[in-house]
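Take the sequence shown: its position 215, counting from 1, is numbered 304 in the numbering used here, and each next residue is one higher.
Quick reminder that beta carbons are idealized off the backbone N, C-alpha and C, glycines included.
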Amino acid sequence: MKSDCILPGTRWTRVLCSFAGAFALLTTSTIHADEPESEVSAKADSKTVEPTTDDLTAWENSGFLKLEEFCIDCHNADYQEAEVDLTLLSTAEKIRENSELAMHSISMIRFGAMPPEDSALPTVEERRQLADQLDDLVYHATCDLRPKPGRITARRLNRAEYNNAIRDLFGMDLRPADQFPSDEVGGGFDNNADVLSLSTMLMEKYLKAGESVASTVIVDPATLPSINKTFADQTLHTIGEAKLASFGEWFIRGDGMVWCEVDVPVEGEYYFDVRGGTNVRRSELIAAKEEESEDKDSDSKDADAKDSDDKREDRKRDRRRDKDKEEPKESDKVNRCVMVHNEEGLLLEILDFNYQEKSGPTDGESFRATLKPGKHRFFFSPTDTWIDELPKSEDRKDPWRMGESVSERVKALTDEELAKTVLPAGEKVEVSRRISDDEFNFKFKTVSIKGPGPQSRKDLPATQSQLIIRLARERSDHWEDVYKAAKVNLEPLMRRAFRREVSEEEVKRYATLVEAATDRRESFYVGMQQAITAILCSPSFLFRIELPETDEARELAATGEAVPLSSTQLASRLSFFLWSSIPDKELLQAAKENQLVDESKRRRHIHRMLDDPKSMSLGEQFATQWFGLGNLKARDMADFGGNEEGPAITVDDLAAETHALFDHVLKNNLPVTELLTADYTFVNESLADWYGVKLPESKEADAFQKVSLADAGRRGILGHAGVLTLTSYPTRNSPVLRGKWILENVLGTPPPEAPPNVPELEETRAASADATLREQLELHRADPGCASCHRVMDALGFGLETMDHLGRLRPPSDPSVADANGELPGGRSFRGAMELSEMLASTETRRFADTTVRRLLSFAIGRELRPADRCFVEAILDEAEGEGYRLRDLVEGVINSPPFLTTSVPAS
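Here it is, written out as structure tokens:
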């Protein structure tokens with residue numbers, strides 16, 4: 090992959106170059122690990138029970154005869170109503186060849202859609218026997234030939250998976266995929282590989298998202314506010330008498346100090362460089378102090394002040410002459426201490442400066458200090474203490490304890506006092522030509538403050554230090570050690586982004602992008618941004634491609650047999666199923682150690698992942714799409730108001746209630762029927778008001794809490810306002826939509842499409858203007874073309890008439906409550922939503938569990954189910970039946986099924 094793919098240029102050139110290079114990376118990046126074949130192939134070959142002769146005889150002697158009696162007249166080879174020929178189901182062999190037709194026929198028979206109302210109708214028992222006989226033969230026809238798990242198309246990440254992957258890679262919930270085009274839906278889910286296409290627009294969005302993410306998680310410090318300021322001459326203020334020398338040094342007395350003020354833009358570590366030096370050696374300072382003491386005594390005795398001054402000057406002249414002649418004493422080869430305080434008088438640092446001739450160069454001392462944003466003042470005061478006189482840090486006492494000792498003198502300085510030391514703008518300081526060493530025995534030339542340091546500044550994203558483990562060295566005009574640093578930084582990121590081990594050659598390709606950037610005089614940080622953009626545009630990140638990784642697996646694929654997935658591939662399947670995101674470090678490590686092909690070790694990771702908060706994505710993604718709650722986003726809640734102000738709830742509140750119940754059932758491994766019968770729910774303050782229930786605790790208004798529905802007249806998801814709103818019109822209920830929803834999502838039997846030219850409900854109104862909804866639907870069902878479907882569908886929908894179109898419980902006096910009853914095939918009658926929920930849970934337990942497993946399996950493997958998958962679904966249900974079809978058990982059963990653990994690969 091050429092590095093110039095990242096160079097600025099036209100957008101489409103960059104897009105095409107990036108993707109072309111990325112696909113080239115993919116084709117050369119396969120890591121072949123020698124992994125032993127797992128037990129999954131044995132599971133795929135599990136024995137099945139052959140159909141008995143009695144089964145075949147029963148079908149040919151009674152089952153197919155019933156089909157001929159009630160169905161063949163309209164669905165035969167010569168007259169194929171709706172293009173259906175049921176003579177293709179006359180024998181077991183034909184059923185095997187036409188299994189999809191057989192499954193469709195079973196649904197129509199069980200649903201009661203066929204035969205139509207104006208034809209001869211079978212009894213309830215005849216309908217059950219016919220469906221069961223055909224169902225048994227379909228099962229044997231598809232399951233007796235070692236069914237294969239099916240091939241899954243290479244699929245890209247959908248929007249939710251992309252967002253979650255970015256979140257887990259970088260620890261920031263950036264949600265760049267919210268700007269992507271909506272994902273297509275196949276089989277009810279937006280992770281279906283067959284519909285996840287890649288358009289040129291999406292390619293462009295990927296590049297923009299990659300650049301945006303990269304520039305957010307890594308920021309070039311050079312682009313952020315900083316300071317690089319030097320204080321000297323008039324900008325370095327003095328306290329006490331001071332002299333300015335011709336080369337810009339301030340000479341101050343031993344009891345004086347210099348100070349400066351700086352405006353710090355951001356918290357971080359700042360670098361201080363102080364140039365200065367002592368003009369006197371230790372012995373001279375001691376001698377000067379002794380003379381000063383003698384002078385005071387002499388002045389008190391000598392009345393002639395002029396004579397006293399003359400004597401003093403003579404002594405100084407003699408001392409300077411002797412100093413020039415003598416070699417420095419050993420005790421003088423020691424540095425003099427300078428204290429650094431902040432505006433609060435706190436001792437920040439102790440610097441030590443060596444002796445410098447008055448006209449000689451200055452000594453340089455530096456230190457670092459962490460500063461918060463805002464104005465700061467720093468005071469530099471020389472002392473009469475020398476560095477060898479200081480005890481060790483732990484033995485020091487005031488005023489020498491750094492970070493603890495406080496200078497009362499500095500602390501007492503007021504703004505007014507300091508303002509007097511600042512020269513007015515434009516005013517010049519007179520340069521002194523003659524400066525006494527004894528009086529002005531210390532000099533400061535400059536104080537420079539620079540920062541914050543690139544690794545310490547607090548306005549950098551937290552990801553910066555995580556991603557830049559090793560920083561290349563910056564020199565004045567170039568960067569050094571770029572390739573090594575980039576390689577260290579990118580390898581762990583690539584491993585997580587690509588969900589597998591990466592080769593040294595792969596890492597090299599991306600590390601050279603960083604090197605190429607610095608060769609173009611861009612910073613190391615910019616190079617890292619460009620490498621991360623390339624990683625996020627790589628097919629290894631954007632796509633999930635499951636190809637055989639070992640020679641043994643490739644040989645097995647060539648024979649057309651199911652190929653067990655490697656531990657690495659299973660890690661991705663597990664994480665995208667349970668978390669809708671990439672594997673975490675622990676799961677990747679387990680894959681590296683080949684643990685996931687072992688069922689017991691895999692189970693431990695399944696339990697860990699289900700206990701992780703990220704498994705809430707099963708509710709947010711899987712349950713949302715299973716129950717169709719995503720369609721709430723298209724609803725304008727103002728249309729559902731029922732009052733001028735509109736409802737107090739949002740579509741997010743409605744969906745979150747169902748998510749919370751699903752997550753509760755999953756986390757506690759409750760029977761899946763708990764979704765139908767739960768006499769509790771989870772609400773926030775708005776939903777509590779909506780339902781008329783009290784919250785048990787006082788928490789934040791948006792916090793969801795468990796509340797009892799024992800006396801609320803509703804149970805489970807059929808009582809959730811989200812489901813009831815979804816299946817209603819803006820101004821009224823729809824028993825048809827509600828019944829259809831139950832058939833599809835609870836019983837797993839979608840009703841057929843309405844025949845052409847069937848009138849809408851509004852067109853069938855003929856009785857009276859105040860006819861009830863039930864009376865109107867009865868008129869609608871008078872048409873034989875409508876009755877067969879609406880017979881069951883309407884009965885289910887009317888069971889929910891105790892609640893209005895917004896999910897609120899109707900008062901007993903509402904006429905619609907009287908219509909909230911029905912009867913299902915087999916004489917199962919009910920009154921109201923509670924009885925309907927409990928009846929479905931008790932009489933349709935396996936059917937609801939079957940629907941759950943089918944939806945889970947389709948979501949887990951990213952494709953629609955085929956007739957042959959029926960075998961695997963039944964095996965999962967059989968295993969979970971003894972414990973009452975508990976939800977976690979069903980999830981685990983899906984993961985341990987051959988369709989999840991294996992794949993089929995084209996022979997090519």
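Asked, Found
"Hey, how far is the Cα of ARG936 from the Cα of ASP640?", "42 Å"
"In the structure shown, what three-state DSSP assignment does THR324 receive?", "helix"
"Using the rule of at least 16 other Cβ atoms within 10 Å of the residue's Cβ for burial, across every protein chain shown, is PRO314 buried or exposed?", "exposed"
"So, using beta-carbon positions, are GLY616 and LEU625 closer together than 8 Å?", "no"
"Under three-state DSSP, which class holds GLN544?", "coil"
"What number of angstroms, rounded off, separates the C-alpha of VAL227 from the C-alpha of ALA964?", "15 Å"
"If you count every other CB in all the chains shown that lies within 10 Å of the CB of GLN619, and 16 or more means buried, which is it?", "buried"
"On the three-state DSSP scale, how would you describe TYR769?", "strand"
"If you compare alpha carbons, which of ALA508, LEU813, LEU560, SER905 is closest to LYS829?", "LEU813"
"On the criterion of 16 or more Cβ atoms from any shown chain inside 10 Å, does LYS532 qualify as buried, or is it exposed?", "buried"
"Is the number of C-beta pairs between the segment 499-508 and the segment 332-344 that are closer than 8 Å three or more?", "no"
"On the premise that ASN834 lies in contact with ASP666, defined as a C-beta separation below 8 Å, what is that separation, rounded to the nearest angstrom?", "It is worth fixing the name first, because residue 666 is Phe in this sequence and not Asp. About 20 Å; that fails the 8 Å criterion."
"Around the C-beta of GLY515, are 16 or more other C-beta atoms found within 10 angstroms, so that it is buried, or is it exposed?", "exposed"
"Is the beta carbon of THR816 closer than 8 Å to that of ARG804?", "no"
"Threshold first: 4 residues or longer. Then list the alpha helix (DSSP H) segments lying entirely within the segment 886-928, N to C.", "904-907"
"Mapping the DSSP letters down to three states, classify VAL427 as helix, strand or coil.", "strand"
"Roughly how many whole angstroms lie between the Cα atoms of ILE195 and ILE738?", "41 Å"
"From this set, TYR251, ALA930, ASP257, which residue's C-alpha is nearest GLN555's C-alpha?", "ASP257"
"Can you name, in chain order, every residue of its own chain whose Cβ lies under 6 Å from the Cβ of LEU707, other than the five neighbours on each side?", "none"
"With a cut-off of 8 Å on the beta carbons, I'd call LEU798 and GLY808 a contact; round off their distance for me.", "7 Å"
"Keeping to the same chain, check which residues put their C-beta closer than 8 Å to that of ILE161; ignore five residues upstream and five downstream.", "LEU175, THR176"
"Let me confirm a value: ASN150 is counted as buried when at least 16 other C-beta atoms fall within 10 Å, else exposed. Which label applies?", "exposed"
"Grab the span of the beta strand (DSSP E) containing LYS795 for me, first residue to last.", "794-797"
"For GLN169, which residues does DSSP report across the bridge?", "HIS164"
"Excluding sequence positions up to five away, which residues of its chain have a Cβ less than 8 Å from the Cβ of ARG917?", "MET928, THR932"
"Just tell me which of GLU170, LEU976, ILE184 has its CA closest to the CA of PHE153.", "ILE184"
"So the candidates are ASP441, THR327, ILE984; which of them puts its Cα closest to the Cα of HIS696?", "ILE984"
"In chain order, what residues of the same chain lie with their CB nearer than 7 Å to the CB of GLU786, ignoring the 5 residues before and after it?", "GLN794"
"Report buried or exposed for MET882, applying the criterion of at least 16 other Cβ atoms within 10 angstroms of its Cβ.", "buried"
"Should the segment 422-440 be called in touch with the segment 463-477, which here means at least 3 C-beta pairs below 8 Å?", "yes"
"Pairs of beta-carbons, one from the segment 667-685 and one from the segment 770-790, closer than 8 Å: are there three or more?", "no"
"When you compare only the Cα positions, how much space is there between TRP489 and GLN553?", "37 Å"
"Quick one, are the C-beta atoms of ALA801 and VAL782 less than 8 Å apart?", "yes"
"Give me the Cβ distance between GLY951 and ASN281, rounded to the nearest whole Å; I'm assuming they're in contact under 8 Å.", "6 Å"
"Could you give the distance in angstroms between the alpha-carbon of VAL536 and the alpha-carbon of LEU325?", "8 Å"
"Would you check if the segment 245-260 and the segment 651-669 touch, i.e. whether three or more CB-CB distances between them fall below 8 Å?", "yes"
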